[in-house]
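In my numbering, the protein residues as written are 4 to 279.
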C-alpha cells in the first residue's frame, strides 16, 4: 500500500461481521491489523476474515495480522472502530486507540451516534470521524463518510482516497442520527414489523409483497434478521431519542425477540429460523 491509497497501515478494531469484512477488504491493498478483545474472539475473527478474503478481488489473508494488544497498533495511520452500538464502549475504545497510536486518524462505523460527541467523549475530537460501510462489506459498495468540523485537515481526503482504493463509493453525510440510509431505512423496516404484529401475517408473505411488488432485493423482515435485531434495536433507540417520536423506536416484536436472544441470522433465529 502507498500514499495514493490514503493510508499505509490501517487497523480495524472489532471482531464482528463489519470488522472482519472491512479487514478482509483492506488486505487487497496491503498489510492490515485486526484488533480483537480476547484470544477467543481473535481466533474467531481471524477465521472469519480469512474466509471473507476469498470474496474480495486481490485480498490476501497472509497480509492480515490479528492481535489483542492495542500497543501493536502504535504505527498505524488509520484505526477503524467497529464494535457494538454503545456510546460508552465506543468512546472508551476510541480513547485507548488514540493513546496507543498517537498519529492515527480514528474512524467509527456507527451511524446511530453523534460522531462529534463520540470524538469529544473519547478525548480525540480532532481525529475522530465516521466511516460507515454496509453489510456485507465485501459486496456492498456504499460508504457514508461523516467528518465533523472539529476534525483536522486532510482526514476527509485520506479517507475518501482509501475507500475509493477499496472499490467503494463515498457519500459525505451530515452528523445526524442515522446519517442518510438508516434514517430513511429503519422507519420502513419497523413499519413492516408493526404490520406483522397488527395483521398476524406470516413473515414470508410480508417480505414477498415487497420483493415481488416493489422489486426490493430482500424483504424488510429478512433484512432486519440480516442486520441483527440487537443492532436494529440500538439504532431504533437512537432514532427515537433524536426525534422524540415513539414511532421511530423499535417495535414490540423486535424488542421481544432481541430480549430472548433471537437476534436474527447470526443467532439462528429472529423473525425467521435458520438452519445454517
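Cβ coordinates follow ideal geometry from the N, Cα and C atoms, glycine included. Since the structure is predicted, the reported quantities are computational estimates derived from the model, not experimental observations.
If you drop the 5 nearest sequence neighbours on each side, which residues of the same chain put their C-beta closer than 6 angstroms to that of residue i?
{"i": "residue 176", "result": "147, 149, 182, 183"}
{"i": "residue 222", "result": "210, 213, 214"}
{"i": "residue 265", "result": "272, 273"}
{"i": "residue 166", "result": "146, 173"}
{"i": "residue 232", "result": "257, 260, 261, 266, 267, 273"}
{"i": "residue 280", "result": "For the chain, the structure presents residues 4 to 279; residue 280 sits outside this window and is missing."}
{"i": "residue 122", "result": "128, 131"}
{"i": "residue 253", "result": "236, 239"}
{"i": "residue 208", "result": "none"}
{"i": "residue 243", "result": "251, 252"}
{"i": "residue 18", "result": "39, 44, 48"}
{"i": "residue 10", "result": "80, 81, 165"}
{"i": "residue 151", "result": "118, 119, 178"}
{"i": "residue 196", "result": "254, 256, 257"}
Name, in chain order, the residues that DSSP records as bridge partners for residue i.
{"i": "residue 16", "result": "38, 84"}
{"i": "residue 174", "result": "147"}
{"i": "residue 276", "result": "272"}
{"i": "residue 267", "result": "272"}
In terms of residues, what are the limits of the beta strand (DSSP E) holding residue i?
{"i": "residue 147", "result": "145-149"}
{"i": "residue 3", "result": "Residue 3 falls outside the range modelled here, since the chain spans only 4 to 279, and no answer is possible."}
{"i": "residue 71", "result": "Looking at the DSSP string, residue 71 is not in any beta strand (DSSP E), and its letter there is neither H nor E."}
For residue i, tell me which candidate among the options has the shortest Cα-Cα distance.
{"i": "residue 1", "options": "273, 242, 268", "result": "Residue 1 lies beyond the range of the chain shown here (4 to 279); nothing can be said about it."}
{"i": "residue 158", "options": "143, 121, 110, 72", "result": "110"}
{"i": "residue 30", "options": "117, 68, 160, 123", "result": "68"}
{"i": "residue 143", "options": "242, 37, 169", "result": "169"}
{"i": "residue 13", "options": "73, 46, 107", "result": "107"}
{"i": "residue 138", "options": "241, 226, 270", "result": "226"}
{"i": "residue 163", "options": "202, 81, 51, 270", "result": "81"}
{"i": "residue 115", "options": "198, 194, 188, 278", "result": "188"}
{"i": "residue 72", "options": "103, 92, 50", "result": "103"}
{"i": "residue 89", "options": "234, 247, 275", "result": "234"}
{"i": "residue 77", "options": "248, 37, 219", "result": "37"}
{"i": "residue 228", "options": "275, 64, 60", "result": "275"}
Only counting the same chain, and skipping five residues up and downstream in sequence, which positions put a Cβ closer than 7 angstroms to that of residue i?
{"i": "residue 66", "result": "30, 33, 34, 35"}
{"i": "residue 55", "result": "23, 24, 27, 141"}
{"i": "residue 125", "result": "94, 97, 98, 101, 131"}
{"i": "residue 153", "result": "119, 122, 128, 129"}
If you follow the alpha helix (DSSP H) that residue i is in, where does it begin and where does it stop?
{"i": "residue 142", "result": "Segment: none, residue 142 is in no alpha helix (DSSP H) and carries neither H nor E."}
{"i": "residue 236", "result": "232-246"}
{"i": "residue 79", "result": "Residue 79 -> no alpha helix (DSSP H), and no H or E assigned at all."}
{"i": "residue 259", "result": "255-262"}
{"i": "residue 163", "result": "158-168"}
Suppose the cutoff is 8 angstroms on Cβ atoms and the five residues either side in sequence are ignored; what does the same chain contact list for residue i look like?
{"i": "residue 6", "result": "At residue 6, the pLDDT of 48 sits below 50, so the modelled position is not reliable; the number obtained from the coordinates is stated separately. So the list is empty, once near-sequence residues are dropped."}
{"i": "residue 21", "result": "85, 112, 136, 138, 140"}
{"i": "residue 204", "result": "198"}
{"i": "residue 219", "result": "213"}
{"i": "residue 186", "result": "179, 180, 242"}
{"i": "residue 62", "result": "27, 28, 30, 31, 55, 56"}
Continuous alpha helix (DSSP H) assignments of at least 4 residues falling wholly in the segment 96-131: You should have 118-125.
In chain order, each alpha helix (DSSP H) run of at least 4 residues that lies wholly inside the segment 175-230: Fully enclosed alpha helix (DSSP H) runs of 4 or longer: 184-202, 206-216, 223-230.
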